[in-house]
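Engineer: Quick one: this structure, given as structure tokens, is what I'll be asking you about.
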């Protein structure tokens, strides 16, 4: 199959696509990718407040560890599927088709998990969810890199990644609230409804290369607006309707000047991996994403059990605790992305990691539920603030490495989040304290790595 077949297929219509300008705009692309991230985290988080209680109801023992393995199954599907998804997306220079296929897989995975009669079926469903999630992280973020001007990458990535806490804010309380009256099926029916809406929005997206074929460049429009104001007119940006072509440029999809595969020399997937692994900056990003994942997945399955053990909270109240704790993180990615565009990735990463340390320590205390909620909220706020600069740092690295595109580099971003830290809560007498101390140690290690190797000019 010709690598530009899919692109030319979408350009074969003699009529200009309906809503070309807004469907290909930077705003809409960022919104759809952000919605995809929100849906991904919502579906991911739906099981967290309820699955421990469901497993106990089914008679399983060592529930925290079992939940940890479910989280690992999701992560394993993410890791294993990412290279082929990245390869196919780059090989055929197409984002929209895999973006849609990933959403169909996500709907199927939720149905499977909802109807799962045994634990192994739950694990299989989580693997499929991980596969669909890799589409969001690889194809979705690459779509933003294709569409957004380089100087605005950090901001737009931060806005899209704000969907992470938003998905958690919705997922945790809805899961607990629906589980009580409707049982295990309730949260997943809600997740399927949200996923379907996300799928419809993805159908509307028009990629930049297709928009340029009709005489509209969303990247140039955004650049002109930021530099000259909203009334600026740049040739080829369709600032006014007459500038939009009524016929497509047949070869435009093959010559779009964007950071997609169209302008990047084609090298093999293994050559990409070698280039990335020989870059200290790229390796630092990958290691820090791994550390972030270990911190996140070690604490998450233990929190419902810890809250139940210490304060006697049920699934609905656990969901509300998650909301109170996660709401502040809704703003951390956007703020960190804004800072990154102006001051680089290193400083904000170190600040967020170091400011999370005291709150990790306060989470150990069992004297007050209010103190726990505040500490949980601030710890989550600062840890979540590292995601946007980490992603922007990787984008900067790929621009400096010949032949490595944004979607190629993202093959290594979904780190293999180990399931073993999740066993701490079940197998240690002071398991919750061990998890918090692990978070402190990993935050210190991550900040040291950033201090020495992040940025064009490291802080050290």
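Numbering (the numbering used here), first residue to last: 175 to 634. Ideal Cβ placement from N, Cα and C applies to all residues, glycine included. Because the structure is a prediction, the values reported are computed rather than measured.
1) Could you tell me if residue 456 is buried or exposed, where buried requires 16 or more neighbouring beta carbons within 10 angstroms of its beta carbon?
2) Taking only runs of the alpha helix (DSSP H) that begin and end inside the region 269–339, which ones reach a length of at least 4 residues, in chain order?
3) Relative to the C-alpha of residue 313, which residue among 366, 528, 203 is closest?
4) Does the distance from the C-beta atom of residue 610 to that of residue 547 stay below 9 Å?
5) Using the three-state DSSP reduction, which class does residue 548 fall into: helix, strand or coil?
6) On a CA-only basis, which of 267, 190, 281 is nearest residue 320? Give me that one, please.
7) Do the region 360–370 and the region 190–208 meet, that is, are 3 or more Cβ pairs less than 8 Å apart?
8) Answer with buried or exposed for residue 189, where buried requires no fewer than 16 other C-beta atoms within 10 angstroms of its C-beta.
9) I need the straight-line Cα distance from residue 618 to residue 528, nearest angstrom please.
10) Could you pull out every unbroken alpha helix (DSSP H) segment of at least 4 residues lying fully inside the region 182–228, listed in chain order?
11) Helix, strand or coil for residue 429 per DSSP?
12) Relative to the C-alpha of residue 298, which candidate in 360, 286, 534, 475 has its C-alpha closest?
13) Which whole-angstrom value describes the C-beta separation of residue 197 and residue 379, a residue pair presumed to lie in contact below a C-beta threshold of 8 Å?
14) Between the beta-carbon of residue 194 and the beta-carbon of residue 388, is there less than 9 Å?
15) Where does the unbroken alpha helix (DSSP H) through residue 362 begin, and where does it stop?
16) Among 239, 270, 251, which one has its Cα closest to the Cα of residue 383?
17) What do you reckon, are the CB atoms on residue 208 and residue 563 nearer than 9 Å?
18) Is the region 246–266 in contact with the region 495–509, if contact means three or more CB pairs nearer than 8 Å?
19) Could you tell me the alpha carbon to alpha carbon distance between residue 479 and residue 253, rounded to whole angstroms?
20) Going by DSSP, what residue range makes up the alpha helix (DSSP H) through residue 604?
21) Please report the residue range of the alpha helix (DSSP H) in which residue 238 lies.
22) Just to confirm my understanding: we take residue 353, look at its own chain, exclude 5 residues before and 5 after, and list those with CB closer than 7 Å. What are they?
23) Does the region 289–307 touch the region 337–352, meaning 3 or more C-beta pairs lie closer than 8 Å?
24) Are residue 471 and residue 523 close, meaning C-beta to C-beta below 9 Å?
25) Contact criterion: CB-CB distance below 9 Å. Does residue 563 meet it with respect to chain C?
26) If you follow the alpha helix (DSSP H) that residue 565 is part of, which residue opens it and which one closes it?
27) Just the C-alpha distance for residue 485 and residue 606, rounded to the nearest angstrom, thanks.
28) Helix, strand or coil: how does DSSP classify residue 415 here?
29) Measuring CA to CA, which of 568, 549, 511 is closest to residue 333?
30) Excluding sequence positions up to five away, which residues of its chain have a Cβ less than 8 Å from the Cβ of residue 282?
31) Taking the C-alpha atoms as reference points, what is the distance between residue 231 and residue 218?
32) With a threshold of 16 other CB atoms inside 10 Å of the CB of residue 630, please say whether the residue is buried or exposed.
Structural biologist: If we stick to the structure as given:
1) buried
2) 270–288, 293–309, 315–321, 327–335
3) 203
4) No, Cβ-Cβ distance for residue 610 and residue 547 is not below 9 Å.
5) helix
6) Of the candidates 267, 190, 281, the one whose C-alpha sits nearest the C-alpha of residue 320 is 267.
7) no
8) It is exposed - the Cβ of residue 189 has fewer than 16 other Cβ atoms within 10 Å.
9) The straight-line gap from Cα to Cα measures roughly 7 Å.
10) 194–197, 200–220
11) For residue 429, the predicted structure reports a pLDDT of 39, less than 50, and the residue's modelled location is therefore unreliable. A value from the coordinates is still provided. Reduced to three states, the DSSP call for residue 429 is coil.
12) 286
13) 6 Å
14) In contact: residue 194 and residue 388 (Cβ atoms closer than 9 Å).
15) 359–378
16) 270
17) no
18) no
19) Taking the CA atoms as reference points, residue 479 sits about 28 Å from residue 253.
20) It is not in any alpha helix (DSSP H) - residue 604 carries neither H nor E in the DSSP assignment.
21) 237–265
22) 224, 360, 361, 489
23) no
24) no
25) Chain labels in this structure do not include chain C; a single protein chain is all it has.
26) 561–574
27) 14 Å
28) Legend: pLDDT at residue 415 = 42, less than 50; position of this residue unreliable, no value from coordinates given.
29) Minimum Cα distance to residue 333 is reached at 511.
30) 302
31) Between the alpha carbons of residue 231 and residue 218 lies a distance of about 21 Å.
32) exposed
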